[in-house]
Amino acid sequence: MDEPGAPLSETGAASQAGPRRSRAPGRARSAGGAKARTARSGLSAASLLGFSAALITLVLDQATKLYTLFVFDLPVKEPVEFAPFINLIVVWNRGISYGLFQQSSDLGRWALIVISILAAIGLSVWIRRTSAKLLAASLGLIVGGALGNVIDRLAYGAVFDFIQFHIGSWSWYVFNVADAAIVAGVVGLLYDSFVLEGRRAR
Numbered sequence: 001m002d003e004p005g006a007p008l009s010e011t012g013a014a015s016q017a018g019p020r021r022s023r024a025p026g027r028a029r030s031a032g033g034a035k036a037r038t039a040r041s042g043l044s045a046a047s048l049l050g051f052s053a054a055l056i057t058l059v060l061d062q063a064t065k066l067y068t069l070f071v072f073d074l075p076v077k078e079p080v081e082f083a084p085f086i087n088l089i090v091v092w093n094r095g096i097s098y099g100l101f102q103q104s105s106d107l108g109r110w111a112l113i114v115i116s117i118l119a120a121i122g123l124s125v126w127i128r129r130t131s132a133k134l135l136a137a138s139l140g141l142i143v144g145g146a147l148g149n150v151i152d153r154l155a156y157g158a159v160f161d162f163i164q165f166h167i168g169s170w171s172w173y174v175f176n177v178a179d180a181a182i183v184a185g186v187v188g189l190l191y192d193s194f195v196l197e198g199r200r201a202r
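Quick note: the sequence shown uses the UniProt record's numbering, first residue 1, plus one each step.
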């Protein structure tokens, strides 16, 4: 039996200290590996926000269109005064948002469909890669709006617009939820590019 207070042998000290030293690096490697796997497979908070904005926009756009067309039956009841400056009317838009670039042929319609889908894919990749929340949300609004109008073109051959903003006899373009989301997304994108991007670079 060792005498009280006698120093440990070098072998004994190594056997006691060794396990403590070997466990710590193992835990560090395990934690680091878990973080790496999460970074590779998971979405950032900004990406989740962007894709959520796209999904919500798409659902709201299609829900309002389906209700207005088939439940409220706006084609029969139009025009409807919804608010002092807003009427509900039926306009079938064969161009892009707010009636721009009207297409009268099937070739033009399918060209708009393909361009919109490719743009939505490209913007979705941008959402996946960005860490800026406002940028991701703005891109999501544009993606959701573009896909909402693509569904209209596929289902009806044209985009269903029904919200008319007017002041007296002056009337602005007739639009829908998808168009409003696209405009809001572009505004957010411009604000991020010209204001927030400079702040992040500092």
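Even for Gly, the Cβ is constructed at its ideal location relative to N, Cα and C.
As the structure is a computational prediction, the values presented were derived from the model and not from experiment.
- Pairing serine 116 with valine 90, the inter-Cα distance amounts to about 23 Å.
- Going by DSSP, glutamate 81 is part of the beta strand (DSSP E) stretching over 80 to 83.
- Counting of Cβ neighbours within 10 angstroms places glycine 168 among the exposed residues, the total staying below 16.
- Annotation for alanine 46: Thr130, Ser131, Ala132, Lys133 and Ala136 place their beta carbon closer than 7 Å to its own, counting only its chain and skipping 5 residues before and after.
- For tyrosine 173, the enclosing beta strand (DSSP E) stretches over residues 170 to 175.
- In this model, aspartate 152 and valine 59 are separated by some 13 Å (Cα to Cα).
- Using a C-beta cut-off of 8 Å, the stretch 48 to 65 makes contact with the stretch 177 to 191, since at least three inter-stretch Cβ pairs fall below that distance.
- When Ala201, Phe194, Asn93 and Leu141 are compared, the shortest CA-CA separation from alanine 120 is found for Leu141.
- C-alpha of tyrosine 156 to C-alpha of threonine 68: approximately 14 Å in a straight line.
- Taking the Cα of proline 75 as reference, the smallest distance to any Cα among Ala53, Val143, Trp92 and Pro84 is reached at Trp92.
- About 5 Å separates the Cβ atoms of leucine 88 and phenylalanine 162, confirming a contact at the 8 Å cut-off.
- Note that the C-beta distance between valine 159 and arginine 200 is not below 9 Å.
- As the crow flies, the alpha-carbon of leucine 196 is around 14 Å from that of valine 186.
- In the three-state reduction of the DSSP assignment, aspartate 192 falls in the helix class.
- Excluding five sequence positions before and after leucine 154, the CB atoms of its chain that fall closer than 8 Å to its own CB belong to Ile113, given in chain order.
- CA-CA distance, lysine 77 to leucine 147, rounds to 28 Å.
- Taking C-beta separations shorter than 6 Å and ignoring five residues to either side along the sequence, the partners of alanine 54 in its chain run Gly140, Val143 and Gly144, following chain order.
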